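One structure is given here, and the rest of the page talks about it.
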Amino acid sequence: MTEAVPRFGEGDLVRLKTGGPVMVVCFAVEPILLCKWMDAAGRDRRGTFSPRQLQLVEHAYPVWMRAVERLSRRYSIVTLC
3 MTEAVPRFGE GDLVRLKTGG PVMVVCFAVE PILLCKWMDA AGRDRRGTFS PRQLQLVEHA
63 YPVWMRAVER LSRRYSIVTL C
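In structure tokens form, the structure reads like this:
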């Protein structure tokens, strides 16, 4: 039996099925997704992934927003994928 390929859109929060940081889907052109995340040192990282490698993260948004709010108090933040 074949597993259905999940569909993700720009702005979705995802994580590798094997674990890792929460990422934002910046660009989605089947069968490749460009995702962006921040590493432990606070640097922006990007990578391309297959939808089969990822799972949707539904409860990470509030954590992510708290981090952005905290940073926006110190810095002027403009982010583009």
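Take my numbering: the final residue in the sequence shown is number 83, and no numbers are missing along the way.
For every residue, glycine included, the Cβ atom is placed at its ideal position computed from N, Cα and C.
Since this is a predicted model, take the numbers as computed values, not measurements.
Around the beta carbon of V27, 16 or more other beta carbons lie within 10 angstroms, which makes this residue buried. For the set P23, A69, G21 and L36, the Cα lying nearest the Cα of S52 is the one of L36. In this chain, the beta strand (DSSP E) harbouring G49 covers D46 to F51.
Taking C-beta atoms under 8 Å as the contact rule, R17 and V24 qualify, at a distance of about 5 Å.
Residue pairing by DSSP places K38 opposite V26 and R48 in a beta bridge.
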